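What follows is the structure in structure tokens.
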């Protein structure tokens with residue numbers, strides 16, 4: 001099984017991520033800085049899709065967008081916190097001690 005890290009070295013991902021960054025004018029779509037290293041952020045994932053199999057020129061909000069590493073880290077932390085809150089709410093709903 002190929003790891004996600006290995007998939008990001010794939011030629012398809014390299015082409016895909018470059019096109020996303022070009023579409024976004026090499027600017028972070030969160031803080032609007034241009035002088036930063038960018039990452040391509042998936043706003044959602046679909047089971048079974050490769051990282052480069054998302055639409056680039058879809059309607060806003062985009063499936064993927066270029067954001068800087070600082071904003072990417074912050075979004076990941078928010079996503080993880082939200083998952084934790086859902087998990088806690090589910091456990092409480094089922095009467096499971098936290």
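Residue numbers (this note's numbering): 1 to 98. Cβ coordinates follow ideal geometry from the N, Cα and C atoms, glycine included. If you're wondering where the values come from, they're calculated on a predicted model, not measured in any experiment.
The three-state secondary structure of residue 88, taken from DSSP, is helix. For the set 96, 77, 8 and 41, the Cα lying nearest the Cα of residue 62 is the one of 41. Three or more Cβ pairs closer than 8 Å define a contact, and the stretch 49 to 67 meets that threshold against the stretch 16 to 26.
Secondary structure of residue 42 (DSSP, three-state): strand.
Between residue 8 and residue 50, the C-beta spacing is not below 8 Å. Here residue 59 carries a coil assignment [DSSP, helix/strand/coil].
Here DSSP, grouped into helix, strand and coil, assigns residue 64 to strand.
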